[in-house]
Every structure is written in C-alpha cells, then in structure tokens.
C-alpha cells in the first residue's frame, strides 16, 4: 500500500518496527489530551495507529494536534516507538508514533453520527450519509466479506471450467413483464428495452451455443413492491451447465458451498448435504426452506385429537404440534404472547392450543376439558415430550396454510430458545418441487419455477393425466431457513416444451411471440442442460450473520425503492422526455 | 468435466487413452461416408474427436450414423482406438472412437450458415442466430480470452488490496443527462432513475468512505448515436485509489497491463512505458493516442515552405509532413488515392502535396514550380528522407485540425506499409492533458475529462489568469493508437472544486443541485484520491487482434442499438405504460 502519501498503513506496524521513521495517512478517529501529551487515533481501512504529540518537546506541533477534529484527514511523519502501556486489543497496540511532522490533508465537518460500531445514528441518517456509515468497521467488514465471496466463487467456478460471460442488460420485456423495469429507447422511438429479472433465457442460449459451463455474477432487476428485505436491483451468481443431470449440478454446487464456507468462515462441512423432497419438507417443517439448525419437527395429531369433543379440532383438516423443550414453565402471559403471535394477520391462525408436561409428569393443557388425561398422555408420547416440555398445537381447514402457520411458530420458538445461532450453518437441498401451482386469480396452472423447467423423468406420463401431481427436476439450496439458491434441469426437447406451454395455457402463437427466439434456438441442436442461481446479497448476509441484505450492499435503496443519498429517482428535464417521445400522465 | 452424460470431453483423449471405453457428448460437426466406414467429427467447447462406425461390424449402428445431420446433439459410448492415419493438426488427432452405442440427444435443423471459422454467413444472419455464431471456434475463443481477462484483472487487483464493490445501476440522472438511459419508477411516479454512464461519483464516495482501493468490472450505458464500434452498453474496469499521486497510479496500472500481457499473451513488456505529454503527442503525431508501433513522426515545415510562392502554404498556419519509407515509386494513381483519402469529408483536407526523393537522389514533387530544388532538398533533409522515400505534406489554417488530418494520413500509410501488426503491442501513457477545452456551441470552457479532475499542482495559479493554459493531472493509457484507459487525480479540496465549477460556468446553486451529494460528502474528510477506468471491450478486442469490439461481446447490439436476436427494444403493453403513468407521443 506504499504510495507517495504513506510508507505504510495504519494497520501494519508492530513492535519489530520500533525505531523506523514512517509516514502514515488517514482519518482522525479521536483526540485525547492527557497532561502535556496529546494522543490521536489515526484510522484507515487497515486499522488504527496511535499518534503521540508531546508539548514539552514540540509545543507548536502539539498545539496543531489539539486543533484536529474528528474525521480530519491528516498525514504524519514520525518514529515508531514501543508503547509504555500496551493495548492487547488492537493489532498495533504495542507501538505508537512519535510525530515529527503533521500535515492536514483535509478538514472535516463533525459527522452527524459517531463513526463507531456502536453508532448513535439511526437508519435514515446513516443511509443519507452512507459514505460516512461505510467508514464504520462493522459495515466495511460486510463489504470486505462480499469481496471475498466474489473472488472465491469466481476462482472456484473458473477452476472447474466455467466461463464468465456477460449477458446484456438492455434486453426485451418478458411475459412476466409487469415487474420489468423498462428503458425507453431514443433511437427506436416508442420502443423499450427491459432490464433483466434474470439472464435465464440468455444463459440457456449460451448452452445452445455450446459454451458448456457458464457463470456470471450479475445485477438483476425487479420492479415490485418492496416487502421487507427486497431490493429493486439485486445480485445473482448465475450458473448453467450442459450435459448434466440434477445429480451433477448438486455435486458441483455443494462443492462450491463447502469451498465458500471453508474459505470465508473457516468451517469444514463434512459429508453430503441433507436432501429432502419438497413434500417431506412441507410435512415435517411446513416450509420449502426449513431451518435445520434445530429439530422441533411437526407431529400430526389428527388420529388422537379428533377423538375428543373439541369442535375446532373435529372440523380441522390438519392438526399438528411441535414440542418446545423445557418450556412447560411458560407463564399465562408468555402463552398469550405466543397466541397473539400466531393470530397476527401475517400468520392468521385462529388460536393456539398448548399441552404442558410438568416436571412431575402430570399434564396441563388449554383443552383439558375436551380430552381425558389418557388422551393427552398419548399426544405427549407421540410428541416424545419429556417432563418440562411444552407442546404447541395449531389446526385448520387448509392443510398447507396451517402447516405454514405452524412453521412460523416453530421458527419463533427456535428463536426464543436460542436455537437459531447465526454462527451455526445448516445446509440442505430441497428437491422434487411440484411442477405447477394452481392460480385462483388466473384460473390456470402456473409454472412454480419457470416454463423451461424439466419435469422429473418418471412423472412425464402424468403431464397428460394429472399435471398437478407432476414433480419438477428442480432443487433449492437452503441455509438456515433461507433459500440461498435454486435451479432446475431445463427442457431441451422442443416437443416437450410445446406441451408445457399448452398446459400453461399459452396458444402456440402466444408462445411463439413471447419465447420464439428461445424455441427457435432449440431447433438447432440444444444439449441437455440445467443450472441454478444464487442470491448473492442473501448469501453474504447469512455468512456475515446479518438480519438484512441491506447491510452487505454498498449503496442500498430504501423500502420505496429510493436512494436517499443520491436522491434518486428524480424528475428529468422536459427536453429529455421530448427526445424520448414520452409524456407523463399522473393521476389527477 | 465428467458428468452423467460423458466421461470425458471431445478435446482430451490422447494416444495413451487407447483401449479405454469412454462416453462422449457433443455436436455433429460433419459426417463422411468412405466405403463401408462412416466418420463423424464430434465437437464440444473443448475440441473435436473423430467417431468411427463400421458397416461390416455393426450395420444397424452405421445406418443410424449415416442419418445424423450437422449440429445434431449426440451421446456415444465406444472404445478409444489408435488411428491408422493420424492428424497432427488436431490435439485428438492420434485417436478415434470405435462407437458401440449411439444416442441422439437432440436433432437439429440445418443451420443457416456453416459452423466454421471461415463461415459463409454474413454479419446480419450471424447476429440473428448469434447462438449458432458463438459455436464457431474463432468467436468462442474471443469470449474465452475475455473470461481470462476478467479473472486476471480481478486477481491482480485483489492481490494489491483493491476491494471489488458493486455500485448501483439505478442512480440519478447526471448533468450530461442528455445521454443517460432513463428508467421510469413505478413506485415513484413521474420520476426516473438513470443508468450510469460510469460509476465516477460513486467510486469517489467510496474513497470518502475510506475504502482506500476500489475496483469493479461494471456495465455502463450511453444513449448516443452509435458511430462505428460503440455499444449502448459497454464494460469498464473501474478503479480508484486513495492517498496517491499520479505516479502511484501509473505504477500500479502499468504493472497490471504488464501482468495482463504476460498472462494472456505470453508477452513480457520490459522497462517503463513511454510517457508523452499531450502537447508533444499532438505535435509529433497529431493525436492524443498515437500509434507507436511505427515512427513516421511529423516534421513542421513552415520555416522552409513559406519562403516560396505557393499561396496555399503562405496562408497556412501549419505545414507538416511525414516521410513514407520506400514509397517514392508510388504511381500517379496511388498518389491520387491518397489525396482522395485526405479529402474525404471525415478527414477534410483540401489537398495533398508530395515530394519524392528518387533513387538517384533527385527530387520530384507536386509543388516543383513553386520551389527551387534547393528548397525541396532542405525539406527532404529536414524530413531525413532517404532515396526512395515519399514525403507527404498537409497544410491548413487550423493547426490542430491539420495535425489530425496528417495523423489520419500517417495511420493510413502505416497500414499500407504493414507497420500496424495486430500481434505487436506499443503502449504509452499520454499525460498533461489540457484541463479545459473551449466549446463554440456553449460559448464557455468545458472540462476535457470531467469537472472533478485535479489541475496539475504547478498550474493552479493560472486558473485565475489563464485557465485555458491549465493542464490536468490526468493520464490515458494508449495501446496501438487506441485509448484503452484513462483517469485523473480528483479534486478533494471543496474550495478548489467550487472554483472549478465557477470556471465551468456553474452557479453555486446549479453546482449544488447537480453535484450536491458529492460536494457535501467532500466536507466530511475526503482523502486525496484518483483513479482510472479501462474500456474492457476495447482492450479485449486489441488483445484478440479484432477490428471491432462486437466480436468480443456475447450478445452485441447493432448500429441502431438493436439486439436483432432478441428483437429488442420493442413495444410494451398499454397496461405497463399506464402503470408507469407514461404516454408515447410520436412525431406525426
């Protein structure tokens, strides 16, 4: 890092450098005056080094140092000195610099919040002054981790023969176009490009082109209402391979995941990742992305609990419970909190039933009056509940909906019990997804992934007879209850693709209009192929132990899709609109 | 590359593999029937392997092989066999595969052009079927080189402590906004994002944020009329460093260039790159990006040639010549061609004067009647012309314009004389650019680079007295007459920045409106910083020896900014326009 402005960084000097004359540049972290001495912590990306000014030996210089404000940019020349009182908490804590020359490179206004990990700045102000927020070590570390992620992924894939190919950003609008960002063309008036929601079709064309193994770390765009933790622009690790089956892809990317954990976190993941069919994941955990850091598996209780006199259960299509270890002592208030939690509109359960297995083995429950102790004991046994455990039960008329509610409760209990340690990582593949899902709105089957997904070979005959039962040759990689990536084997047979469009309700004309270029390409010799895409933002945030993807993005947008630092989007000149032949027609 | 579909690729089998049973997958390059034998060339990204089918030993299989068409996708199982007649021109030329099982994975229509380096397809059809064009080895090689370029650049910069940071694609429109692509926001109606022409301001904010060393390989966008070899979206290697002077940056990126040449071309570049101030480059070669693969330096001839009776020269502000070695025998017709060349509207010279130094030492010229032989001999001596050389002279009333015309002539002569070998690389830094250039249209000084460029320290006093003479602390890297990259030291002093805006004719209000976020950021402790950006497309095309950047882009756009394969841009649904609150108002 040696340049004309510095001979070393603020992070590299050690005891063995004592006696050297060095030049450092950086930011003033803080200034402390102690008697006749002034101490300045000088900070750069690489660390902090203590500077010392002594009134006795150089009064003028010390006077200048006392005038330094927080975040001033300075350059100093001085001698490395062994510290009298060493600081074991910082790598440079054994030394200090006896400053001989001080050069203020730039002054600084007092920042609107402190540049410390534990800052006093709220979210909004930190986003407006993101360039100051990024000076905080905890934020910068996230972006350093992201950098390592880029490098590790690229070098790994490149070593396996994957070629990085840039696909265009200005493409055509797709059938899911309602969520496309569009870009008016000045040279082709009245026409629009679209920004890619993913390079899906382009990477498939690269397989038709014989590129064999492709990857790209690429920006994608989606103009949708931003629920919690979505960004209008996001980054994917996008991959595709030819002449592969699902097994080949899973092997390749399981290897990549292990490599990432080893390189970035120093964690060796032994053995194969767990694989779980979608139906099993739904049954056992009520989720297509179960958090496997803890058990607390669902137990179905229809057989026992529909024998009582409890009308709510008798009318239910699904009754399932989870067992929360050691929670039998939950108070009335805590249980009410849990009931309120599952009744929140986002979750929507009607109520919560509990059964406590007390330390003495006796059972106490909110449904005591409807069931005998024997019946409740059978439930406790089925749940494998031990003395001191709490059984929580949900029921409902919609099986899938109730499972999802129970999943939320399971995650909540996992959090309360400290079972969701961000430093522990549980990875698995979820496979055998349904090919289609029924859309009430559209009154037709929709592709669960996308219309190019290959059905599982053995289910192809059912396309004609029971398409809703067909499983896809698709797979998601899940980490800690979050989908980090997903993909599928693609259809390479034009006839099968035509049948798929038919099932999805496309006329041949409409299919040709929307996917013509891809279908035509497939007529010229498409290889069997498949791939997957990882959400890079999400993955980095998991590795960094962050709750939000925002913290691992340099300049994120807020929930309204605004960059508050740049104040974008904004109005543009009438002249620009005229050139684009556009007029704005706001609602009155 | 081993997968369920293949045990090896079409490029890896050698003589020592003879006897092995292998599975290969790929495309049928061609089928030849010779007597009872059928030979199929099987192709994938890694090479071509010859398959053999023998009518005598397996008539059915041979019959199937004879039905294969070009570009069919097949899988074969067979035994590796030493060839009787080896082919030294291909890496797999020592072996062939005696096929035992043939599996047609996909059929193919006959492609609209041949999949050969020497294809019969014209530009338009190749672009429409780009996925077939990309199957040609010569095209694929360019993209493989591009991949290597990505990896080499990133690993080099990362090893020097540069952090790759993604800057947003959806930003605000800039003052040079007329050339911005804009993106209407659905959530912020009537407002627009802009796609970045470069991440210039964002990377400067990263320096304010203390990131110290940043790089990114990033898509940039410019909506301008596409002259030859421009693309509306293009890729930059974008870099910025803190606490550096020009010298530090030049050292760093000269090192990177040398590393690239070594890694990608096996070329060791010895010593320092040539450095040439802009004024010198203009004087000696009439260009700010001189092609240094050959000499043919300008010689100014005012002193000699304004002594004659040739009115054209007497009225000229500039007379300059170049000496074309060994061209004295150019015919009338060749000389007329050259005169036509410089008189083309793109170049715009009024005429061309020549002086031939014949083999016998005598001199013959188009201006014989205006000058004595002595005078012409003085010219020949000044030009250091030898017997057999041809001196070509241009003159004009605008010094810079005439130099540029002479530059075009020099490049033309360089090409004619074979002095511009695409396998030879001449690199240099052009420095000391003028800070400003006068705009007749705007009637004011414009920033030659951009308004954040730092003036050369010693020229700062001239900002008040003679701004037009101020040189910038800016530098371009030039390779073979093409600017591959350029950058500058940036202003970090808010006061100097304010003065710069004043000279550029911004009111303080307008400067605040357009650059407020950057100017505000600079108040919180901006370090001295600078950087540069390389045009990746251009650089790869030079390394690949290509005339056009298009050939090293996977899916390029044509001169109208259209992707003819995707048929983009295109019209979008009225529903989408309504949601964006936009109406199209085409000219009647």
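Residue numbers (the working numbering), protein chains in the order written: chain A, 19 to 606; chain B, 19 to 606.
In this text, a Cβ means the ideal position worked out from N, Cα and C, and glycines have one as well.
Against chain A, the CB of residue 62(B) has a partner CB under 8 Å away; the residue lies at that interface. Within the DSSP secondary-structure output, residue 317(B) pairs in a beta bridge with 339(B). With contacts defined by Cβ atoms closer than 8 Å, residue 593(B) and residue 208(B) do not form a contacting pair. In this structure, the alpha-carbon of residue 461(A) lies about 44 Å from that of residue 46(B). For a Cβ distance threshold of 9 Å, residue set 542, 543 of chain B lies close to residue 89(A), ordered along the chain.
Here the region 202-219 of chain A does not lie against the region 163-182 of chain A, with fewer than 3 beta-carbon pairs under 8 Å apart. DSSP places residue 570(A) in the helix class (H, G or I) of the three-state scheme. Under a 10 Å Cβ-count criterion, residue 221(A) is classified as buried, with 16 or more other Cβ atoms of the shown protein chains found around its own Cβ.
Below the 7 Å Cβ cutoff, chain B contributes 542 as neighbours of residue 129(A), in chain order. Each of 280(A), 130(A), 66(A) was checked against the Cα of residue 105(A), and the nearest Cα belongs to 66(A).
Across the set 350(B), 232(B), 48(B), the C-alpha of 232(B) shows the shortest separation from the C-alpha of residue 547(B).
Residue contact with chain A for residue 532(B): absent (no Cβ-Cβ distance below 8 Å to any residue of chain A). Within chain A, not a single residue places a beta-carbon under 8 Å from that of residue 447(B); the smallest gap is close to 17 Å.
Excluding residues up to 5 positions away in sequence, 437, 438, 439, 442, 444, 498 lie with their Cβ nearer than 7 Å to the Cβ of residue 311(A) in the same chain. A residue is called buried once 16 or more other Cβ atoms fall within 10 Å of its Cβ, and residue 341(B) is buried on that count. Per DSSP, reduced to three states, the secondary structure at residue 98(A) is strand.
The C-beta distance from residue 113(A) to residue 96(A) rounds to 11 Å, too long to meet the 8 Å contact threshold. If you look at residue 425(B), you'll find it isn't in any beta strand (DSSP E); it sits in the alpha helix (DSSP H) that goes 417-434. The beta carbon of residue 276(B) lies closer than 6 Å to those of 287 in the same chain, with the five residues before and after it left out.
Within chain A, 185, 186, 220 have C-beta atoms less than 7 Å from the C-beta of residue 573(B), given in sequence order. According to the DSSP assignment, residue 144(B) belongs to the alpha helix (DSSP H) that extends over 141-146.
In this structure, residue 149(A) places its C-beta atom within 8 Å of the C-beta atom of residue 227(B).
Pairing residue 292(A) with residue 280(A), the inter-Cα distance amounts to about 18 Å. The C-beta of residue 258(A) has 16 or more other C-beta atoms within 10 Å across all chains shown, which makes the residue buried.
Interface with chain A (8 Å Cβ-Cβ cutoff): residue 230(B) is included.
At the C-beta level, residue 346(B) and residue 374(B) come within 8 Å of one another. Contact check for residue 496(B) and residue 307(B): beta-carbon distance about 4 Å, within the 8 Å limit, so the pair qualifies. Two segments are said to touch when three or more pairs of C-beta atoms, one from each, lie closer than 8 Å; by this definition the region 238-256 of chain B does not touch the region 448-463 of chain B.
Between residue 323(A) and residue 397(A) the beta-carbon gap is near 7 Å, inside 8 Å, which marks them as a contact. The CB of residue 165(B) comes closer than 8 Å to the CB of 176, 181, 182, 183 in chain A, given here in chain order. With the criterion set as a beta carbon lying under 8 Å from some beta carbon of chain B, the members of the region 206-220 of chain A are 206, 207, 208, 209, 210, 211, 212, 213, 220, in sequence order. By the neighbour-count criterion, in which 16 or more other beta carbons inside 10 Å mark a residue as buried, residue 68(B) falls on the buried side. A direct Cα-to-Cα measurement between residue 542(A) and residue 230(A) gives close to 16 Å.
DSSP places residue 262(A) outside both helix and strand once states are collapsed to three, so it counts as coil. For residue 393(A), the closest of 282(A), 304(A), 326(A), 524(A) by C-alpha to C-alpha distance is 326(A). Straight across, the Cα-Cα distance linking residue 575(A) with residue 61(B) is about 47 Å.
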